[in-house]
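Counting from 1, one number per residue, gives the positions in the sequence shown under our numbering.
Glycine residues also receive a C-beta, built at the ideal position from the N, C-alpha and C atoms.
This report concerns only the one structure given below.
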Amino acid sequence: MSVRATARLRAEPDGRGGTTLPLLESAGPLALRRTRSPLPERARVTVVGAMSAPLNGDRLAIETEVADGAHLTVDAAAATVALPGPSTDTGPSTYAIRLNVGEGATLHWLPEQLVSAHGSDLHQTTRVDLAPTARLLLREEQILGRHGEPTGALTTRLTVRRAGRPLLDQQLAYGPGAPGGWDGPAVLGGHRAVGQLLLADPSFEDAPLPARLLGPTAALTPLAGPAVLVTAVAGDARLLRETLDEAMHELLDRLKAREGD
Numbered sequence: 001m002s003v004r005a006t007a008r009l010r011a012e013p014d015g016r017g018g019t020t021l022p023l024l025e026s027a028g029p030l031a032l033r034r035t036r037s038p039l040p041e042r043a044r045v046t047v048v049g050a051m052s053a054p055l056n057g058d059r060l061a062i063e064t065e066v067a068d069g070a071h072l073t074v075d076a077a078a079a080t081v082a083l084p085g086p087s088t089d090t091g092p093s094t095y096a097i098r099l100n101v102g103e104g105a106t107l108h109w110l111p112e113q114l115v116s117a118h119g120s121d122l123h124q125t126t127r128v129d130l131a132p133t134a135r136l137l138l139r140e141e142q143i144l145g146r147h148g149e150p151t152g153a154l155t156t157r158l159t160v161r162r163a164g165r166p167l168l169d170q171q172l173a174y175g176p177g178a179p180g181g182w183d184g185p186a187v188l189g190g191h192r193a194v195g196q197l198l199l200a201d202p203s204f205e206d207a208p209l210p211a212r213l214l215g216p217t218a219a220l221t222p223l224a225g226p227a228v229l230v231t232a233v234a235g236d237a238r239l240l241r242e243t244l245d246e247a248m249h250e251l252l253d254r255l256k257a258r259e260g261d
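Shown next, in the form of structure tokens:
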């Protein structure tokens, strides 16, 4: 039997310089837990998998709203593994992520990897709406197949709008049914881990970063708006995370230096 579940959370300023969570609603396999944040002004929520999901046919969603002036980090306790499930006629699973970030608000969306197991079929969509002065740090990582197995079918789409205007709209497809060449030299080149790191910040409007390579399998690209996108491929999940973490720390350090000027 397929699972249909939508988890919801909302972050608001608490009036004392911090952030409170008036809405923290778990559902099905998506358990939301408030966890300790290293920053006093920022709330932190960790997504904990309460059961194996998504299986083919499941319909999962997370809706997150960060109100004006609030600051929130969302991470995960473990990787999400897309699995085929017991039935062969359920169709693909879907995982819809909806993020809204208000004026002067900050969201760090840092889930663990999404693993596409052999035989699974997952369509994941992430839609973000940013206010003009909102800040966003978003990481996505896709691991194509568990160790020693082929990948499942995986389609992901990341859509970001700022002040109602498109900032990024990117769709990727891998595995059975994907357009030809997805695993060729022009796309993955034999790698089985791929990731994106998006940083949107109003300060990039006045001083955008130049495009450049970040090693042999990663690149930083400025977007047509106050944001940069880092894309990377790697041989495995560990190498991918190292590449994205290095880029993330460098970008955040640059922002701190600008704030101190």
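Kindly indicate the opening and closing residues of the beta strand (DSSP E) around residue i.
i    : result
E149 : Looking at the DSSP string, E149 is not in any beta strand (DSSP E), and its letter there is neither H nor E.
A163 : From DSSP, A163 is part of no beta strand (DSSP E); its letter is neither H nor E.
D129 : D121 to L130
T231 : A227 to A234
H71  : H71 to A76
A218 : A218 to P222
R34  : L30 to R34
P40  : It is not in any beta strand (DSSP E) - P40 carries neither H nor E in the DSSP assignment.
V194 : A193 to A200
A277 : Because residue 277 is not part of the residues shown, which for the chain are 1 to 261, the question remains open.
A61  : R59 to V66
By a C-beta neighbour count over all protein chains shown, 10 Å radius and 16 as the cutoff for buried, is residue i buried or exposed?
i    : result
P29  : buried
A78  : exposed
H71  : buried
H108 : buried
G195 : buried
A134 : buried
P226 : buried
T121 : This sequence places Asp at residue 121; Thr is not what is there. By the neighbour-count rule (16 or more Cβ atoms within 10 Å), D121 is buried.
E149 : exposed
With a Cβ-Cβ cutoff of 8 Å, do residue i and residue j count as a contact?
i    : j    : result
T217 : A232 : yes
T64  : T46  : no
L83  : L55  : yes
A173 : L240 : no
A11  : D68  : no
L167 : L223 : yes
L229 : L198 : yes
Just checking my contact of residue i with residue j at CB under 8 Å: how many whole Å lie between their CB atoms?
i   : j   : result
R4  : R44 : 27 Å between Cβ atoms; not a contact.
P40 : G18 : 6 Å
L57 : T90 : The question names Leu, yet the displayed sequence has Gly at residue 57. Confirmed, about 3 Å.
* Asked: Should the stretch 159-174 be regarded as contacting the stretch 129-139, the criterion being three or more beta carbon pairs within less than 8 Å?
  -> Segments in contact, yes.
* Count the C-beta pairs between the stretch 105-115 and the stretch 176-187 that are closer than 8 Å, then say yes if the count reaches three, no if not. => Between the stretch 105-115 and the stretch 176-187, the count of Cβ pairs shorter than 8 Å is below three; the stretches do not touch.
* Any contact of the stretch 199-206 with the stretch 143-155, i.e. 3+ C-beta pairs under 8 Å? -> As far as the Cβ criterion goes, the stretch 199-206 does not touch the stretch 143-155, which means the pair count is below three.
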